[in-house]
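Written out below as structure tokens is the structure these notes cover.
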Amino acid sequence: MAVEPFDAVQLIGAKRDHGTLTTPQIQWLVDAYTRGYVADSQMSALAMAILLNGMTREEIRDLTMAMVASGERLDFSGLGKPTADKHSTGGVGDKITLPLMPLVACFGVAVPQLSGRGLGHTGGTLDKLESIPGWRASLTNEEVFAQLAGPVGGVICAAGAGLAPADKKLYALRDTTGTVEAIPLIASSIMSKKIAEGTGVLVLDVKFGSGAFMKDFAKARELAQTMVELGTDAGVKTSALLTDMNVPLGLTIGNANEVRESLEVLSGGGPADVVELTVALAREMLTLAGQPDADVEAALKDGRAMDRWRAFVTAQGGDPDAALPVPRETHTVIAPTSGVLVTQEALSFGVAAWRLGAGRARQEDPVVHAAGIELHAKPGDTVAAGQPLFTLAADDAARFERALEALDGAWAIGEASDHVSSPLIRERVGS
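The sequence shown begins at 588 in this note's numbering and counts up by one.
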């Protein structure tokens, strides 16, 4: 039996006492944890020490690259065209990937968008797309490459099990040990998968506010800066946009209804905030990929992005003309008084959609694709007494009561002076 070069207790003590781990120590730690030599209890203690005491830029880089090295690494250099991807830290009504991928692909930039499923109040891109009859999320590496190289030029699919398996194991542990909020662990988790994915350009949509993972703007900015540094150190052109998630994005929250809204954007319409963020992220991706003058608005209006969408859905087994699921039951909440809608708290609306069946409490839970919420007004809009404010949708009317409980106090009507508007995109973070 080989002699281990380090022991976990030594590393735990070093981080507990504000020490710095060396590159060989971190590489051994990730490898030993992946193969089961380091126990969950030991990694839990180390994760807590990292949460409390942090890590240096070099330590975070070493941790990230060790997790990349724990599995396979995709290589798209043979495509003959640049690759660009986007990652969002998650929010309420965030359907941006759906119109963004085909929009960027219109300009000859391949988009390998490996996405996930929703958990809790944040929706998952794959759950939304599975509202489309026949569409499949699982592709082989060969299918991904062929779709990127061919006329579609982009994929949205589930990440393969071979990408950063160390992260999958550590992620599950963090979720049960109160260490989810550790910025070094969040950053290395996200970036290990994105670096292993093999993209040449990465744009991060880092959200802050009520409906975001990071409530505090300063913490969100720290996370964005850390991830940009990780990408840059790994040779990936990386930038981040810090975006407001205090209010739901767009007018729909759910799965099938968010697909419908995405189709509106691809048809040249859609809510202003969804269009704004889609265009901004597309410009950022294309600029880093060498096309700063690409006219992305024109590609939305003239049908090119919609054509790519239809080709993408078809390529992954879906029917772009099929009817999307509709709910069996709906319940509309109306304005009790006239005035201006001044509050619409994203977290509460996300929780309500989850309770309606649009989300899941555990990864293995199914979602109800027709469930969700349609917003008829956004903060700053003038409303009249009796006017619909939002509509809940579910397959079981018994779900409405708990959804309405989540929304108690989450919205308010007041005077115009009570509403304070804020920009959707607060800041750009670059290397």
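Where a beta carbon is used, it is the ideal one built from N, C-alpha and C, also for glycine.
Values in this document were obtained by computation on a predicted structure and should not be read as measured data.
Would you give the residue range spanned by the alpha helix (DSSP H) that A843 belongs to? A843 to L853
Who are the Cβ neighbours of V970 in its own chain at under 6 Å, not counting the five residues just before and after it? Correct list, in chain order: A922, L928 and A964.
When the Cα atoms are used, what is the spatial distance from G765 to Q612? 24 Å
Out of M778, Q597, A990 and V900, state which residue places its alpha-carbon closest to the alpha-carbon of T978. A990
Unbroken beta strand (DSSP E) run spanning R808, endpoints: Careful: R808 lies outside any beta strand (DSSP E), inside the alpha helix (DSSP H) at F804 to D820.
Going by alpha carbons, who is nearest to S775 out of A589, F663 and V617? Nearest option by C-alpha distance: V617.
I'd like the span of the beta strand (DSSP E) that includes V793, first residue to last. V793 -> beta strand (DSSP E) spans V788 to F795.
Determine, using beta-carbon pairs with one atom in the region 746-757 and one in the region 708-724, whether at least three such pairs fall under 8 Å. no
According to the Cβ coordinates, are R808 and L789 closer than 8 Å? no
If I follow the unbroken alpha helix (DSSP H) through F987, where does it start and stop? F987 to A993
Less than 8 Å separating the beta-carbons of G787 and P669? Yes, they are a contact pair.
Cβ neighbour criterion (16 or more within 10 Å) applied to E784: Taking every protein chain shown into account, the CB of E784 has 16 or more other CB atoms within 10 angstroms, so this residue is buried.
Span of the beta strand (DSSP E) around Q629: Note, Q629: premise wrong, no beta strand (DSSP E); alpha helix (DSSP H) at D627 to N640.
Three-way DSSP call (helix, strand, coil) for L690 in this model: helix
With a threshold of 16 other CB atoms inside 10 Å of the CB of D662, please say whether the residue is buried or exposed. With fewer than 16 other Cβ atoms from the protein chains shown falling within 10 Å of its own Cβ, D662 counts as exposed.
Can you list, in chain order, the residues of its chain whose CB lies under 7 Å from that of A984, leaving out five sequence neighbours each side? E916
Which ranges would you report for the alpha helix (DSSP H) in the region 871-954 if only whole runs of at least 4 residues count? Runs found: 883-888, 891-902 and 933-940.
What residues match up with L829 in a beta bridge as DSSP calls it? V793 and E1014
How big is the Cα-Cα spacing for P858 and Q629? 48 Å
Status (buried if at least 16 other CB within 10 Å, exposed otherwise) for E646: buried
What residue does the beta strand (DSSP E) around G741 start on, and which one ends it? G741 to A745
Local Cβ density within 10 Å of D831, reported as buried at 16 or more and exposed below that: buried
Where does D649 fall in DSSP's three states? helix
Between G946 and K715, what straight-line distance do the alpha-carbon atoms span, to the nearest angstrom? 10 Å
With DSSP as the reference, label A980 as helix, strand or coil. strand
Straight-line CA distance for L853 to L650? 39 Å
To the nearest angstrom, how far is the alpha carbon of G905 from that of G747? 20 Å
If you run the structure through DSSP and keep just helix, strand and coil, what is I1021? Lying before the first or after the last residue shown, residue 1021 is absent from the chain, which here runs from 588 to 1018.
Check whether the Cβ atoms of A843 and H956 lie closer than 8 Å to each other. Yes.
In terms of alpha-carbon separation, which member of G600, I599 and A632 lies closest to L760? Ranking the options by Cα distance to L760, first place goes to A632.
Do you know offhand how far A876's Cα is from S849's? 24 Å
V698 (DSSP reduced to helix, strand or coil): strand
Quick check: the Cα distance between S702 and Q903, rounded to an integer number of angstroms? 14 Å
Host alpha helix (DSSP H) of E961 (start-end): Per DSSP, E961 belongs to no alpha helix (DSSP H); it is in the beta strand (DSSP E), G959 to L962.
Thinking just about the alpha-carbon of each residue, which of L873, I637, A939 and I1012 is nearest to the one in H918? In terms of Cα proximity to H918, the closest of L873, I637, A939 and I1012 is A939.
Decide if E951 is buried, meaning its Cβ has at least 16 other Cβ atoms within 10 Å, or exposed. exposed
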